[in-house]
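To start, the structure itself, in structure tokens.
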Amino acid sequence: MSRRAIITGITGQDGAYLAKFLLEKGYKVFGVARRSSHFGVVDHRLRWLGIQNDVEIIDGNLSDLSSLYRIVQQAEPDEVYNLAAQSFVASSWQQPILTANITAVGVTNMLEAVRQIAPKAHFYQASSSEMYGKIQEAAQSETTPFYPRSPYAVAKLYGHWITVNYRESFGMHASSGILFNHESPLRGIEFVTRKVTDTVARIKLGMASKLHLGNIDAKRDWGHAKDYVVAMWMMLQQEEADDYVIATGRTTTVRDMCRIAFEHAGLKMDDHLVIDPKLFRPAEVDVLLGNPAKAKAKLGWEPTTSLEDMIIEMVDADIARLSSV
Ligand code: NDP
Ligand code: GDP
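If you want my numbering, it's the position in the sequence shown, counting the first as 1, plus 12.
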């Protein structure tokens, strides 16, 4: 009998890579997707990975508990990966209430559906390094205090603690992965790495001339999404549920990440980069740097892709994608 997994957020970056990984392990994969009026747009990442026909997509929404009950009943899961969220920090100031409804309360909805219908299923919650916000320690680990700096981060903090609470209250096998930024050619275009690689590709192909960015002094610990979904799976294979920081242990400025992309395309960053004050955030997370020692010691997990290799992969993928349209 193959193992059965539900992935909420299967149409997103991590959901697509995780679905591919689980399919390769022989899982039967069920994905929760919200209905869209745009035909063929919803599963574009699954199509990019060539797995759109191998997963079972079920219509549902994290804000509709009735749909989650129905999905858990239908899928009879061994594992549930809760990746769905309003995931973009900048949008969370424009839509703070929706962000709370989905990214915070949506976690309780999913936990309740699992607790009542499949209480033995192992549960993964997609927590975020953004919860550290105004950092309280130079390198952030599982014991570092949180200080969220955006409505998104506040909502994620709720999702994190409700997962811990359901583990402690009901004995659920519920784990929370505190993942630092992770990127790939499937990253949403609004996030800074993909915005940079897409625009660099456009400049290279003569389709654009300028790249507009906000705070390029911000520092992030960037890894590859393909590596990070493996860590999610590893957490659910442990005897005991627990919380883990997943990171590379290296931090880089947006400026230096950007330079890698321009240099790879044979372009000079200073000829194209424009700083736009409108792109600065109301409250910034200046620097994030993860300490993944626990994940290495307990899960045997380590990142395999350098920032340079990842940015080069993303620039090349964007050039190929734009050249084919
Ligand atoms: P994406 O933005 O690519 O994907 C988010 C997914 O959530 C999409 O499938 C989206 O569906 C779905 N979704 C949004 N709202 C709802 C809803 N109301 N009901 C059902 N599904 C919904 O995010 P990533 O793949 O990058 O991230 C996965 C998770 O990990 C997210 O929770 C994110 O916050 C978290 N995270 C990500 C990090 C990163 O660096 N990538 C770092 C730390 C945490 P649709 O396609 O319809 O929009
Ligand atoms: P986040 O860490 O989840 O907010 O991931 P992002 O990729 O959205 O942003 C990473 C950092 O890049 C933040 O400190 C942003 O302020 C900074 N940044 C600078 N310019 C931009 C921009 O144009 N878009 C985005 N998304 N981020 C930018």
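Where a beta carbon is used, it is the ideal one built from N, C-alpha and C, also for glycine. Fair warning: this is a prediction, and the values are worked out from it, not measured in the lab.
Annotation for Gln85: Ile129 place their beta carbon closer than 8 Å to its own, counting only its chain and skipping 5 residues before and after. Below 8 Å, too few C-beta pairs join the stretch 167-178 and the stretch 224-241 to call them touching: fewer than three. Counting along the chain, Leu169 sits inside the alpha helix (DSSP H) bounded by residues Pro163 to Phe182. The beta-carbon separation of Gly24 and Leu74, rounded to 12 Å, does not stay under the 8 Å limit for a contact. Contact check for Ile201 against Lys207 passes: the beta carbons are separated by less than 8 Å. Under the 10 Å beta carbon count, Ser141 is surrounded by 16 or more other beta carbons and is classified as buried. For the 8 Å CB-CB criterion, Ala133 and Val126 form a contact. For Asn94, the pairing in a beta bridge is given by DSSP as Thr20 and Gln137. One alpha carbon belongs to Val242, the other to Gly27, and they sit about 12 Å apart.
Beta-bridge analysis with DSSP links Tyr256 to Gly189. In this structure, the beta-carbon distance from Val44 to Ile63 does not fall below 8 Å.
Around the beta carbon of Asp239, a 10 Å sphere encloses 16 or more other beta carbons of the protein chains shown; the residue is thus reported as buried. Under the 8 Å Cβ criterion, the stretch 317-328 does not count as touching the stretch 242-258, having fewer than three qualifying pairs. Less than 8 Å divides the Cβ of Asn121 from the Cβ of Leu77.
The beta carbon of Arg293 sits closer than 8 Å to the beta carbons of Val101, Ala102, Trp105, Ser162, Gly226 and Asn227 from its chain, once the five residues preceding and following it are set aside; these are given in chain order. Taking all protein chains in view, the Cβ of Val92 is crowded by 16 or more other Cβ atoms within 10 Å, so the residue is classified as buried. Comparing alpha-carbon positions, the option among Ser14, Ser318, Ala17 and Glu124 lying closest to Ser196 turns out to be Ser318. Residue Leu223 holds the alpha-carbon nearest to the alpha-carbon of Thr205 among Leu223, His56 and Lys37.
Taking 7 Å as the cut-off, one finds at least one heavy atom of the ligand GDP near enough to the beta carbon of Phe203.
Cα atoms of Leu217 and Arg199: separation of roughly 21 Å, rounded to the nearest angstrom.
Secondary structure note for Gly118: its alpha helix (DSSP H) is the uninterrupted segment Gly118 to Ile129. Cβ-Cβ distances below 7 Å link Asp210 to Ile201 and Asp330 in the same chain, with the five nearest sequence neighbours on each side left out; the list follows chain order.
When Cβ pairs closer than 8 Å are counted between the two stretches, the stretch 107-116 is seen not to touch the stretch 258-268, the count staying below three. Val176 is positioned such that its CB atom lies no closer than 8 Å to that of Leu279.
Here DSSP, grouped into helix, strand and coil, assigns Gln249 to coil. Beyond the five residues adjoining it in sequence on each side, Met281 comes within less than 7 Å, by CB distance, of Cys270, Arg271 and Phe274 in the same chain, given in chain order. Judged by DSSP secondary structure, Glu68 falls within the beta strand (DSSP E) whose first and last residues are Glu68 to Asp71. The beta-bridge partner set that DSSP reports for Ala45 consists of Asp71. Taking C-alpha positions only, Met184 is separated from Phe135 by approximately 8 Å. The beta carbons of Ala186 and Gln250 sit about 12 Å from each other, so the pair does not count as a contact at 8 Å. Bounds of the beta strand (DSSP E) holding Ile287 are Leu285 to Ile287. Straight-line measurement puts the Cα of Val337 at about 40 Å from the Cα of Pro160.
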